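Asker:
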Ligand code: NAP
Ligand code: MG
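Residue numbers (full-length UniProt numbering): 1 to 494.
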């Protein structure tokens with residue numbers, strides 16, 4: 001057996017690159033400006049990151065446009081794009097340990113999760129779209145025999161991908177896979193808290209044979225680089241994952257500029273409904289605990305509202321407390337750690353503010369509620385009981401390890417509570433009654449409804465929101481729709 005990896009030693013030996021990647025090369029921001037990339041677990045500066053701004057956006061868009069127009073990628077045979085994207089996926093997989101370490105240092109998630117979840121799923125995502133792209137056919141319309149109408153999907157051109165910090169590499173992969181497979185050029189803007197893996201991808205894309213200018217990475221702030229991408233007259237589409245608030249900005253940017261296509265994967269307040277006839281109440285409660293505490297609760301589809309049928313509520317809550325209370329919170333680089341640091345001090349403050357509000361509004365704090373070390377970015381697994389739908393902690397997305405449990409007298413009330421939200425990303429129902437399962441899954445307004453599980457998925461199954469969780473879908477072949485235009489070519493045979 002090989003010796004366990006000393007992640008701290010590996011971290012100390014890293015030399016980190018914080019530059020932008022444009023036209024196949026690493027470059028500083030034109031202004032020369034830098035900002036600090038911080039490790040939230042230690043509070044220390046990891047690297048100086050290029051603070052790209054509107055002028056860098058302009059430069060990257062020109063390069064990406066030229067690459068698109070050249071046809072080097074956009075008109076390459078799908079089979080050849082497939083080969084290079086598969087090579088890209090394989091390189092990501094080959095660099096699993098390095099990239100997992102960067103992800104954990106940059107945003108605080110446990111190394112065990114970066115290794116077991118973020119990295120394999122990111123590589124698999126790129127590989128899946130690579131495999132798909134030489135197998136998707138276009139259509140011919142059933143017109144009268146006097147004409148042939150070819151219905152084809154064409155690449156859009158230059159797509160900007162603006163992504164969040166909670167799963168930096170995986171959220172980027174969900175965009176990059178279909179964007180690149182369809183033949184577009186892309187400009188990836190990572191969140192300011194988590195630029196490192198995105199930057200590292202630049203070199204791997206080049207090594208895989210993706211032509212210069214097709215894949216570009218622009219680190220920087222939302223208010224500068226992000227906004228400039230949203231307002232640019234020569235960006236054809238924005239693929240966004242992030243908060244609902246910023247998603248709405250992108251709709252405005254589009255309206256103020258060139259009506260660019262906007263795909264939005266935004267926030268959530270997902271109801272996880274456990275009915276009294278769940279096949280296994282302990283399994284449901286265990287899954288509910290992980291459904292909120294996984295990734296420090298920084299998950300868009302986190303099961304942050306646990307709606308439980310009254311007759312079994314106390315029993316389920318006890319079990320969630322038992323499981324949640326045993327989760328090991330601490331040093332993200334320790335392979336035994338199950339919950340790491342919040343992404344930064346600001347997010348830590350935000351979450352603590354919600355915990356205070358929960359107490360002030362009369363919810364019953366049953367687990368956690370405190371920081372683990374004063375001033376640090378670690379928060380205890382936290383559970384509130386006796387929450388009602390009107391409380392702030394039941395309405396707003398907290399994006400932290402804070403669970404609100406709400407009682408419902410029956411399935412109808414549970415569905416009503418489940419839908420009492422402006423969001424609609426995900427929902428779950430636990431029951432052994434097929435009729436109840438189908439009733440709930442039809443009635444719940446969400447992009448995915450899980451039955452007798454939580455947060456399961458596959459790259460072949462679409463993911464995205466109803467209501468203010470956004471529109472358009474990531475994952476599955478449906479994602480290709482966001483990055484292509486539908487063109488009809490009508491050939492008159494008459
Ligand atoms: P965020 O603040 O909305 O930021 C997302 C991205 O938008 C970042 O790259 C950010 O850059 C950029 N941005 C911020 N302000 C901007 C502006 N005024 N103009 C243009 N771009 C701007 O979200 P976050 O805090 O990183 O991530 C948490 C949110 O993402 C949560 O609401 C969560 O639910 C959502 N999320 C959704 C999904 C999904 O698939 N539905 C998945 C994961 C996360 P800066 O970082 O530099 O500000
Ligand atoms: Mg960071």
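Each residue gets a CB set at the ideal place from its N, CA and C atoms; glycine is no exception. Predicted, not measured: the structure shown is a model, and the values here were computed from it.
If we count the other Cβ atoms within 10 Å of its Cβ and call it buried at 16 or more, is residue 490 buried or exposed?
Answerer: Answer is exposed; the Cβ neighbour count stays below 16.
Asker: Just to check my reading of the structure: residue 273 and residue 429 have Cβ atoms closer than 8 Å, yes? What is that Cβ distance to the nearest angstrom?
Answerer: Correct: roughly 5 Å between the Cβ atoms.
Asker: Indicate whether the contact test is met: 3 or more Cβ pairs, each with one atom in the region 92-105 and one in the region 120-129, closer than 8 Å.
Answerer: Contact holds: three or more Cβ-Cβ distances are below 8 Å.
Asker: Taking the alpha carbon of residue 326 as the reference point, which residue from 46, 281, 382, 373 has its own alpha carbon closest?
Answerer: Nearest C-alpha to residue 326: 382.
Asker: By DSSP's criteria, residue 25 is part of a beta bridge. Which residues make up the other side?
Answerer: DSSP lists 22 as partners of residue 25.
Asker: Please report the distance separating the alpha-carbon of residue 232 from that of residue 221.
Answerer: The alpha-carbon atoms of residue 232 and residue 221 are separated by roughly 16 Å.
Asker: To the nearest whole angstrom, what separates the beta carbons of residue 50 and residue 219, a pair I think is in contact under 8 Å?
Answerer: Indeed, because the Cβ distance is near 5 Å, the residues count as touching under 8 Å.
Asker: Report, in whole angstroms, the separation of the C-beta atoms of residue 301 and residue 60, which I expect to be a contact under 8 Å.
Answerer: In fact, because the Cβ distance is near 31 Å, the residues do not count as touching under 8 Å.
Asker: By the 10 Å Cβ neighbour count, where 16 or more other Cβ atoms means buried, how is residue 259 classified, buried or exposed?
Answerer: Exposed, by the Cβ-count rule.
Asker: Over what stretch of residues does the alpha helix (DSSP H) that includes residue 419 continue unbroken?
Answerer: 411-419 is the span of the alpha helix (DSSP H), which, as asked, contains residue 419.
Asker: May I have a chain-ordered list of the alpha helix (DSSP H) segments no shorter than 4 residues that lie completely inside the region 119-191?
Answerer: As far as the region 119-191 is concerned, its whole alpha helix (DSSP H) runs of at least 4 residues are 119-133, 168-181.
Asker: Taking the alpha helix (DSSP H) that residue 78 falls in, what are its first and last residues?
Answerer: 78-94 is the span of the alpha helix (DSSP H), which, as asked, contains residue 78.
Asker: I'd like the span of the alpha helix (DSSP H) that includes residue 314, first residue to last.
Answerer: It spans 310-325 - the alpha helix (DSSP H) in which residue 314 sits, taken as one unbroken run.
Asker: Is the beta carbon of residue 468 closer than 7 Å to that of residue 244?
Answerer: For residue 244 and residue 468, yes; Cβs fall inside 7 Å.
Asker: In whole angstroms, what separates the C-alpha of residue 70 from that of residue 184?
Answerer: Roughly 12 Å separates the two Cα atoms.
Asker: Would you report the Cα separation of residue 493 and residue 140, rounded to the nearest angstrom?
Answerer: Spanning the two alpha carbons is a distance of roughly 14 Å.
Asker: If we count the other Cβ atoms within 10 Å of its Cβ and call it buried at 16 or more, is residue 2 buried or exposed?
Answerer: The residue in question, residue 2, is exposed, as its Cβ has fewer than 16 Cβ neighbours within 10 Å.
Asker: Does the region 198-205 come into contact with the region 140-155, if we say contact requires no fewer than three beta-carbon pairs (one atom in each stretch) closer than 8 Å?
Answerer: Touching, no.
Asker: Any heavy atom of the ligand NAP closer than 6 Å to the beta-carbon of residue 356?
Answerer: Residue 356 Cβ: outside cutoff for every heavy atom of the ligand NAP.
Asker: Please look up how many angstroms separate the CB atoms of residue 418 and residue 271, rounded, as I've assumed it's under 8 Å.
Answerer: Going by Cβ atoms, the distance from residue 418 to residue 271 rounds to 4 Å, so yes, they are a contact pair.
Asker: Just tell me which of 438, 461, 36 has its CA closest to the CA of residue 451.
Answerer: The residue with the shortest Cα to Cα distance from residue 451 is 438.
Asker: Mind checking which residues open and close the alpha helix (DSSP H) that includes residue 36?
Answerer: Premise fails: residue 36 lies in the beta strand (DSSP E), 34-38, not in any alpha helix (DSSP H).
Asker: Helix, strand or coil for residue 199, going by three-state DSSP, please let me know.
Answerer: Residue 199 falls in the helix class under three-state DSSP.
Asker: Would residue 365 pass as a contact of residue 324 if the rule is Cβ separation under 7 Å?
Answerer: Their beta carbons are not under 7 Å apart, which means residue 365 does not touch residue 324 by this criterion.
Asker: Starting from residue 359, follow the alpha helix (DSSP H) in both directions and report where the run begins and ends.
Answerer: 345-360 is the span of the alpha helix (DSSP H), which, as asked, contains residue 359.
Asker: If you compare alpha carbons, which of 257, 133, 264 is closest to residue 246?
Answerer: For the residues 257, 133, 264, the minimum Cα distance to residue 246 belongs to 264.
Asker: Is DSSP giving residue 303 helix, strand or coil here?
Answerer: Coil at residue 303, not helix or strand.
Asker: Please work out which residues of its chain come closer than 8 Å, Cβ to Cβ, to residue 172, disregarding the five sequence neighbours upstream and downstream, and give them in chain order.
Answerer: Here the set comprises 122, 161, 163, 188, 190, 197, 198, 201.
Asker: How big is the Cα-Cα spacing for residue 56 and residue 228?
Answerer: In a straight line, the C-alpha of residue 56 is about 9 Å away from that of residue 228.
Asker: Classify residue 114: buried if its beta carbon has 16 or more other beta carbons within 10 angstroms, exposed otherwise.
Answerer: By the 10 Å Cβ count, residue 114 comes out buried.
Asker: Who are residue 500's beta bridge partners in DSSP?
Answerer: Nothing about residue 500 can be read from this structure; the chain reaches only from 1 to 494.
Asker: Quick check on DSSP: helix, strand or coil for residue 405?
Answerer: Looking at residue 405 - three-state DSSP - the assignment turns out to be strand.
Asker: Taking the alpha-carbon positions, what's the residue 234 to residue 472 distance?
Answerer: If you take the alpha carbons of residue 234 and residue 472, they lie about 21 Å apart.
Asker: Beta carbon of residue 303, beta carbon of residue 283: below 7 Å?
Answerer: Contact: no.
Asker: Taking buried to mean at least 16 other C-beta atoms within 10 Å of its own C-beta, is residue 252 buried or exposed?
Answerer: Residue 252 should be labelled exposed.
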